[in-house]
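**Student:** Let me begin by handing over the structure; questions about it come next.
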Amino acid sequence: MSNWTFGLDAVRTSGVLETFLSASQKVPMVAPQDSGAVAAQLLRAPVSETGVYAVEGPEWYSPADVADVLGEVLNKSVRVASLPKNEWLAAYRRNGFSDDAAQSYAHMTEIFDTQAYDVSPAPLKGPTDLKTYFQQVLTE
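Per the numbering used here, numbering through the sequence shown is continuous, rising by one, with the last residue being 147.
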């Protein structure tokens with residue numbers, strides 16, 4: 008969820024939420040405090056509970072869901088602008104990435120966008136939903 012905070016200034020001024028994803032693609036998101044709570048719990052757990060854990064929020068969200076929630080919390084119209092795949096490299100370079108880093112991030116974005124990764128069959132679920140998260144972030 009916190010990845011969306013980098014674009015909040017632009018959303019406030021333009022009403023546009025820019026993303027590399029399609030507007031309707033739902034993906035797992037989690038509030039940082041929920042990840043931290045799980046990490047703290049695991050640090051105190053017996054070593055027998057060591058392992059790889061997936062942590063998600065209460066549900067998957069799309070960029071359109073994020074725009075709707077931001078619109079509600081900011082009390083303004085927010086629309087999604089999805090960046091076409093053929094513009095990803097240039098976008099990463101404009102944001103200060105080296106050529107190698109831009110290529111790496113574009114590849115990672117493609118994997119995420121196509122959901123060509125393993126999804127945990129039983130992720131741990133944090134309690135913080137998208138609206139609660141943005142209400143907290145935008146009132147700090």
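Just so you know, even glycine gets a beta-carbon here, dropped at the ideal spot from N, CA and C. If you're wondering where the values come from, they're calculated on a predicted model, not measured in any experiment.
1. Spatial neighbours of LEU137 within its chain, please: CB distance less than 8 Å, with the 5 preceding and 5 following residues excluded, ordered by chain position.
2. Counting pairs of Cβ atoms below 8 Å between the region 8 to 23 and the region 80 to 87, do you hit three or more?
3. So, THR135 versus ALA38, is the Cβ gap smaller than 9 Å?
4. Under 9 Å between the Cβ atoms of VAL34 and ALA88?
5. Using 8 Å for Cβ pairs, my map puts GLU56 next to LEU50. What's the rounded Cβ distance?
6. Ignore the nearest five residues each way along the sequence and tell me which others in ARG100's own chain have a CB closer than 8 Å to its CB.
7. Considering only their Cβ atoms, is the gap separating VAL62 from GLY14 smaller than 9 Å?
**Tutor:** Result, derived from the coordinates:
1. MET8, MET36, GLY64, TYR68, ASP72, VAL73 and VAL76
2. yes
3. yes
4. no
5. In fact, because the Cβ distance is near 10 Å, the residues do not count as touching under 8 Å.
6. ASP106 and ALA109
7. no
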